[in-house]
Amino acid sequence: MKNINYQKKVQLACYTTIKVGGFAEYFSKPKNIEEFVNLIKWSHFNNQECRIIGAGSNLLINNIFLKGITICTKKMRSIKINSDTGIVEAEAGVMLPTMSNLLAKNGLQGGEWTVGIPGTVGGAIYMNAGSGNLSFAKNLLSVQVINTKTLEIFEIQKKDLNFKYRFSPFQDNNLLIISSKMLFQPNGNIEKLLETTKKNLKKKTETQPYDLPSFGSVFKNPTNNYAGKLIEELGLKGFTIGDAEISTMHGNFIVNNSSANSKDIFDLITVIQQKVLQKKGILLQPEVRMMGFDYP
Ligand SMILES: Cc1cc2nc3c(=O)[nH]c(=O)nc-3n(C[C@H](O)[C@H](O)[C@H](O)COP(=O)(O)OP(=O)(O)OC[C@H]3O[C@@H](n4cnc5c(N)ncnc54)[C@H](O)[C@@H]3O)c2cc1C
541 MKNINYQKKV
551 QLACYTTIKV
561 GGFAEYFSKP
571 KNIEEFVNLI
581 KWSHFNNQEC
591 RIIGAGSNLL
601 INNIFLKGIT
611 ICTKKMRSIK
621 INSDTGIVEA
631 EAGVMLPTMS
641 NLLAKNGLQG
651 GEWTVGIPGT
661 VGGAIYMNAG
671 SGNLSFAKNL
681 LSVQVINTKT
691 LEIFEIQKKD
701 LNFKYRFSPF
711 QDNNLLIISS
721 KMLFQPNGNI
731 EKLLETTKKN
741 LKKKTETQPY
751 DLPSFGSVFK
761 NPTNNYAGKL
771 IEELGLKGFT
781 IGDAEISTMH
791 GNFIVNNSSA
801 NSKDIFDLIT
811 VIQQKVLQKK
821 GILLQPEVRM
831 MGFDYP
């Protein structure tokens, strides 16, 4: 098979924002769609398990040896912006802060809120990333995918995808995201868009611990409540296991103070769940995705 490039036994900690993770048996960073598809085909025909990492900003990877291939999409970062129609085509690895700034510079409205999310377009679709009432699915038109079982490549329209709060059907199917088409609103007021984008980033960095490794919100907000508020009410901010700490700045963030490992973090997640369940009667569901655990 052409264009197959991978490394063996690669440490994954540096491919996650929480800076934790074991080793991948095989690891690759395809530069374009062709290389990505060839890697998927290679894993299929060689019966190798295949995992995808975007920017690793919502991921807890266990400190184990992960058999099979781990593919990081971060180099698949081609993006086409049509400032007249508002249609944007982006490969899975395009970073949201990059896209957000480009949208503003091109006079397109609707992506200003994504500037502070350190993930890729693929990861944002998979997670249906969001903020307040806004979610990534809103501006989506279609997603180009590959089926890992049949190797078929096709486009799915947004109307055929059932997105929910921090949920996309990709969490439950065999489809990997290759690229997507989105629609933003031509607005023209570039200065205003740039200013809003800048303000949004400032607000996020002032209210969330951007200076320390984390994976963003650990838990989904329960209906009509906030996970961070529940954790804070129990006085858990600052609680540590090893070098993993519940952020003193934001109750729904766990930060890695320097040498936390996946067990410290997993245990901290479990302790929070137990305490919130005991005291508040609510079982918090992790938003963060787990790799190499029995958890999804
Ligand atoms: C400081 C900070 C702030 C954050 N703020 C927010 C926020 O405001 N709102 C929010 O929703 N999230 C936030 N997050 C979490 C995170 O950035 C988002 O969930 C983001 O969308 C994850 O994208 P990623 O590329 O990093 O995905 P990863 O963490 O790499 O992967 C997440 C999941 O998506 C899957 N995946 C990734 N790419 C693909 C693909 N191409 N095809 C199929 N599956 C794929 C992975 O297998 C994994 O299961 C924040 C994180 C940090 C560290």
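Each residue of the sequence shown is one higher than the one before, counting from 541 in this note's numbering. For every residue, glycine included, the Cβ atom is placed at its ideal position computed from N, Cα and C. In this text the structure is predicted, and so the values were computed from the model without any measurement.
Identified DSSP bridge partners for residue i
i, result
"N727", "None; N727 has no bridge partner."
"I781", "A784"
"L648", "P726"
"I593", "C612"
"Q551", "F563"
"K721", "E629 and S682"
"G670", "S675"
"N792", "BP columns for N792 are empty, so no partner."
"P826", "F759"
"T660", "M635"
"S754", "V795"
"L606", "A564"
Residue nearest to residue i in terms of C-alpha spacing, selected from the options
i, options, result
"E827", "V661, S802 and Y666", "Y666"
"K569", "F585, K581, I558 and I609", "I609"
"T736", "W653, D834 and M639", "W653"
"G505", "A800, Q818 and Y555", "Residue coverage of the chain in this structure runs from 541 to 836, which leaves residue 505 outside it and unanswerable."
"N673", "R706, E695 and R617", "R706"
"T557", "Q697, E565, G650 and L600", "L600"
"S682", "A632, G775, G651 and D712", "A632"
"A564", "N572, E574, L715 and Q551", "Q551"
"N714", "K760, L733, N545 and V685", "V685"
"K760", "L824, N586 and Q588", "L824"
"D712", "N687, T780 and F585", "N687"
"D807", "N668, N679, N764 and T780", "T780"
"Q818", "V795, A784, I771 and F833", "I771"
"T638", "T625, K620 and D624", "K620"
"S597", "F755, V634, D834 and I696", "F755"
"R591", "L606, K549 and M616", "L606"
Residue environment, residue i, which counts as buried when at least 16 other CB atoms sit within 10 Å
i, result
"D804", "buried"
"T613", "buried"
"Q862", "Because the chain here runs from 541 to 836, residue 862 falls outside it and cannot be looked at."
"G728", "exposed"
"Q748", "buried"
"F694", "exposed"
"E785", "buried"
Beta strand (DSSP E) segment containing residue i, residue limits
i, result
"E708", "According to the sequence provided, residue 708 is Ser. The question's Glu does not apply to it. Neither: S708 is in no beta strand (DSSP E) and is coded neither H nor E."
"K689", "Element bounds for K689: n/a, residue is neither H nor E."
"S623", "It is not in any beta strand (DSSP E) - S623 carries neither H nor E in the DSSP assignment."
"F759", "That residue, F759, is in no beta strand (DSSP E); it is neither H nor E in DSSP."
"Y566", "F563 to S568"
"N702", "From DSSP, N702 is part of no beta strand (DSSP E); its letter is neither H nor E."
"M831", "R829 to M831"
"L600", "L599 to I601"
Residue interval of the alpha helix (DSSP H) (run including residue i)
i, result
"E772", "A767 to E773"
"K815", "S802 to K820"
"L579", "I573 to F585"
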